[in-house]
Amino acid sequence: SSKDSLLDTLSTILDENYAKLEDELDPEMNSFDKLMYLNYRSHSFMEQKIDVALLSSLYSTQLIAKGDRNLLDQNRTYYKLISRIIEEGHVRNQISREKSIQEITKYYSLCERALVSDWCLNRGNYSLGEYSKEYMPILMEHFRVDQPE
24 SSKDSLLDTL STILDENYAK LEDELDPEMN SFDKLMYLNY RSHSFMEQKI DVALLSSLYS
84 TQLIAKGDRN LLDQNRTYYK LISRIIEEGH VRNQISREKS IQEITKYYSL CERALVSDWC
144 LNRGNYSLGE YSKEYMPILM EHFRVDQPE
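So this is what it looks like as structure tokens:
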């Protein structure tokens with residue numbers, strides 16, 4: 024349907040934005056901080072550029088979809104990027120190795136979906152970017168490895 028193709032387009036738009044954000048990242052930046060930066064910037068982008076009703080529609084369609092759930096497609100730029108940063112964080116000892124890259128990626132995306140879903144439920148009546156900036160670090164804190172001063 025045309026709605027499905029619109030939703031596919033939305034996943035593509037979000038992925039293109041992630042690719043753009045990746046180019047902005049300072050390679051030296053702490054890997055955990057990279058994840059928080061991406062979360063803040065991508066959620067600010069959604070808040071500013073994507074109508075909350077459209078985003079709600081994407082999320083609700085994904086919940087009841089019979090076939091592909093493009094939000095969960097592991098081949099998306101989004102998942103590849105998040106996984107790469109978590110892997111880098113493991114190597115640099117900036118992200119806990121107690122869970123696998125795959126498990127932390129899954130949890131990270133779950134936290135993002137929770138934040139976006141709640142924002143949609145509230146009809147976008149608060150800043151998604153600012154709320155995410157405050158609460159995503161709390162949701163992810165367990166995986167942050169304290170760095171020596």
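So for the sequence shown, the numbering used here puts the first residue at 24; every next one is plus one. Quick reminder that beta carbons are idealized off the backbone N, C-alpha and C, glycines included. No experiment lies behind these values; they were computed from the predicted model shown.
Could you check which residue in the options has the C-alpha nearest to that of residue i?
i: A42; options: Y101, E51 and G112; result: Y101
i: P160; options: Q170, C134, L37 and N148; result: C134
i: I106; options: Q117, N116, Q125 and R115; result: With the sequence shown as reference, residue 106 is identified as Ser, and Ile is not the correct amino acid for it. Considering only alpha carbons, the answer is Q125.
i: R120; options: D49, S34 and S54; result: S54
i: G152; options: D141, S67 and I127; result: S67
i: L33; options: S79, S123 and P171; result: S79
i: V75; options: N40, N148, L162 and F166; result: N148
i: M163; options: T128, E172 and W142; result: T128
i: M52; options: K103, N116 and S65; result: N116
i: Y18; options: R146, V114, Y158 and W142; result: Past the boundaries of the shown model lies residue 18; the chain is included only from 24 to 172, so the question cannot be answered.
So does residue i have its beta carbon nearer than 7 Å to some heavy atom of the ligand SAH?
i: L61; result: Within the structure as shown, the ligand SAH is missing, as the structure has no ligands at all.
Mind checking whether residue i and residue j have CB atoms under 8 Å apart?
i: R99; j: D38; result: yes
i: V168; j: I108; result: no
i: L144; j: Y154; result: no
i: K156; j: Y63; result: yes
Can you tell me the Cα-Cα spacing of residue i and residue j, whole angstroms?
i: E70; j: M59; result: 16 Å
i: D31; j: I87; result: 15 Å
i: I73; j: L61; result: 17 Å
i: S83; j: S28; result: 15 Å
i: R136; j: L44; result: 19 Å
i: Q85; j: S150; result: 23 Å
i: C65; j: I36; result: The residue you asked about is not Cys; residue 65 is Ser in the sequence shown. Going from the Cα of S65 to the Cα of I36 covers about 11 Å.
Along the alpha helix (DSSP H) that carries residue i, what are the first and last residues, could you check?
i: Y101; result: T100 to V114
i: D141; result: I124 to L144
i: F68; result: S54 to K72
i: I87; result: V75 to I87
i: L162; result: L151 to M163
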